[in-house]
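Take a look at the structure set out below.
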Amino acid sequence: MNLPQHVHTLIVGAGFAGMGLAARILQTQPDADVLIIERGADVGGTWRDNTYPGCACDVPTSLYSFSFAPSADWSHTFARQPEIYRYLKKVAVDTGVLNRVVTDCELQEAHWDDTQALWTVRTSRGTVTADVVVAATGALSTPSVPDMPGLETFGGTTFHSATWNHDHDLTGERVAVIGTGASAVQFVPEIAPATEHLTVFQRTPAWVIPRLDRELSGSEKDLYRRLPLVQKAVRASVYSFREALGGVLAHATGLLPAFELVARVHLRRQVRDPELRRKLTPNFTIGCKRMLLSNDWLRTLDRPDVTLVDAGLAGVTQDGVVDAVGNEHKVDTIIFATGFTPTEPPVARAVRGSHGRTLAEHWGGSPSAYKGTTVAGFPNLFLMYGPNTNLGHSSIVYMLESQSAYIADALEVMHHSGITALEIAEEAQRRYNTRIQSDLQTTVWNKGGCSSWYYDSEGRNSVQWPTFTWKFRSQLQRFDQENYVSRRTSVKESVA
Ligand SMILES: Cc1cc2nc3c(=O)[nH]c(=O)nc-3n(C[C@H](O)[C@H](O)[C@H](O)COP(=O)(O)OP(=O)(O)OC[C@H]3O[C@@H](n4cnc5c(N)ncnc54)[C@H](O)[C@@H]3O)c2cc1C
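All the letters of the sequence shown, read from the start, carry residue numbers 501 to 996 under our numbering.
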């Protein structure tokens with residue numbers, strides 16, 4: 501599909517967020533002038549890009565899937581990456597979204613023209629103007645690689661877990677894995693049996709609890725197909741359990757020692773070496789960093805051909821990785837499991853608002869938005885999975901569907917009221933964020949004593965949603981036009 505000259509609603513990114521919003525709009529307005537541009541060659545976002553061995557979701561799939569597109573085909577309670585990717589491609593076809601996607605098309609720069617009330621968007625496939633831009637570019641979509649002295653001199657192979665090099669055979673190799681987060685715990689147990697030696701570099705240990713995963717039987721799948729209400733009930737019960745967990749993390753942190761006990765027993769069962777157990781025991785409250793789910797990560801670290809280095813990293817030589825106490829670990833391949841850049845999303849450097857500054861300049865290293873979705877000074881721009889919408893316990897898809905409802909309602913309001921430009925009032929955004937930051941103070945994410953990727957360069961938690969997810973949904977179920985400054989012509993008039 502080619503890029504048109506103009507489109508009403510331009511969505512950037514075809515992951516769960518962009519696809520879900522487009523599907524929602526098309527559901528009520530099949531002829532809506534909506535287009536998705538996607539820098540990748542296909543839809544799928546996270547689940548197109550992350551193809552590392554063992555990649556799977558860590559929220560049960562009955563909840564980690566679109567509410568409007570249930571599937572009875574999942575192989576396990578926690579689906580694997582290939583099937584989530586297949587699912588998203590199928591949804592794109594079934595909903596008609598695929599016909600609205602321009603692939604291999606990266607947003608490179610966008611600026612708002614106040615006089616014309618229009619975005620001009622420069623992409624890798626030409627320029628398009630749009631009345632409304634939705635940045636659905638993902639919080640965990642751009643891999644982060646640490647700046648390690650000497651990395652350019654390394655003679656072996658390097659890659660990031662999010663861009664796995666499947667042409668490279670790790671069999672019989674000495675491999676270094678940098679990082680011990682959610683991706684590493686999934687792929688390290690998968691590759692360890694094939695490598696000659698695996699050296700895992702850990703900055704801080706994480707609490708690990710068992711993953712209650714199991715295969716879904718044929719009769720369960722049949723039941724879901726014949727009685728969709730049963731599947732809905734399962735989804736509701738998973739949701740309720742996750743909400744209860746969220747309640748503990750946010751509001752009842754006194755109950756967290758019970759979870760810590762589970763993690764300690766899990767560690768004791770899987771790791772025989774007491775010194776290794778010591779290295780793997782966190783010194784912060786469970787839940788402060790995302791709890792990791794795995795049944796084989798800890799056991800793998802206890803293998804004789806796996807070494808855990810917790811001394812920190814000094815740099816890289818031509819032959820290997822040097823730790824902070826000066827030991828060189830000779831390796832053939834370095835795999836970065838070092839996560840993403842959620843508090844510095846690249847799209848923020850590309851989007852310029854009404855004052856001529858980019859989102860990144862406006863944020864100054866500390867992102868904030870109204871309801872994680874709109875930003876003062878950036879009219880007709882909506883963010884999905886924006887600041888303070890991440891979760892430590894439940895499905896991001898639930899948050900994204902809440903944002904889709906809000907944005908779709910805003911588009912309706914604009915259409916019916918003849919509004920050409922909408923912008924959140926600065927004061928409303930300020931009040932909202934004061935509240936969010938105050939609510940975060942009592943949560944485990946802020947007071948659990950860890951440093952995590954939830955904190956931005958200003959030391960502010962600009963990532964986590966602070967309370968129950970139903971509260972987010974109820975705040976976004978209706979577009980609150982009264983908190984916005986809007987105009988119908990080129991002259992601004994406040995409707996607040
Ligand atoms: C390995 C992994 C496992 C995860 N597991 C879970 C889980 O179990 N539960 C959970 O709730 N969350 C999980 N997440 C978080 C996950 O990112 C979200 O759940 C969800 O996929 C986000 O969807 P999205 O559409 O916002 O972003 P993405 O899926 O990242 O999609 C963003 C899309 O935007 C495109 N894009 C970015 N920049 C541009 C640009 N400039 N121009 C054009 N296109 C652009 C990207 O190519 C991508 O296709 C996981 C993340 C990872 C990495």
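Don't be surprised by glycine CBs; every beta carbon is placed ideally from N, CA and C.
- At the C-beta level, residue 878 and residue 917 stay beyond 9 Å of one another.
- Judged by DSSP secondary structure, residue 870 falls outside any alpha helix (DSSP H); it is assigned neither H nor E.
- The Cβ atoms of residue 725 and residue 569 do not sit closer than 9 Å to each other.
- DSSP, read as helix, strand or coil, puts residue 626 in strand.
- Between residue 660 and residue 800, the alpha-carbon positions lie close to 20 Å from each other.
- When DSSP states are grouped into helix, strand and coil, residue 779 belongs to the helix group.
- The straight-line gap separating the alpha-carbon atoms of residue 959 and residue 502 is approximately 43 Å.
- The nearest non-hydrogen atom of ligand 1 is 8 Å or more from the C-beta of residue 501.
- If only uninterrupted beta strand (DSSP E) runs of at least 3 residues are considered, those enclosed by the segment 544-623 are 607-613 and 618-623.
- For residue 888, the three-state secondary structure derived from DSSP is coil.
- Note: residue 643 is bridge-paired with 840 in the DSSP secondary-structure output.
- Contact between the segment 635-642 and the segment 830-844 is present: 3 or more CB-CB pairs across the two stretches fall below 8 Å.
- Between the C-alpha atoms of residue 834 and residue 689 there is a straight-line separation of about 16 Å.
- Remark: the C-beta of residue 964 is outside contact range of ligand 1, defined as less than 8 Å to any heavy atom.
- Sorting 698, 935, 544 and 781 by C-alpha distance to the C-alpha of residue 593 places 544 at the top.
- If you draw a straight line from the Cα of residue 903 to the Cα of residue 566, it comes to about 13 Å.
- Look at the beta carbons and you see the segment 889-905 not touching the segment 622-630: under three pairs across the two are nearer than 8 Å.
- By the CB criterion at 9 Å, residue 695 and residue 658 fall outside the cutoff.
- One alpha carbon belongs to residue 963, the other to residue 907, and they sit about 20 Å apart.
- Non-local beta-carbon contacts of residue 889 in its own chain, meaning distances under 6 Å to residues more than five positions away in sequence, involve 872, 899 and 965 in chain order.
- Contact annotation, residue 818 with residue 653: C-beta distance approximately 5 Å; criterion of less than 8 Å satisfied.
- Residue 928 sits in a helix when the DSSP states are folded into three classes.
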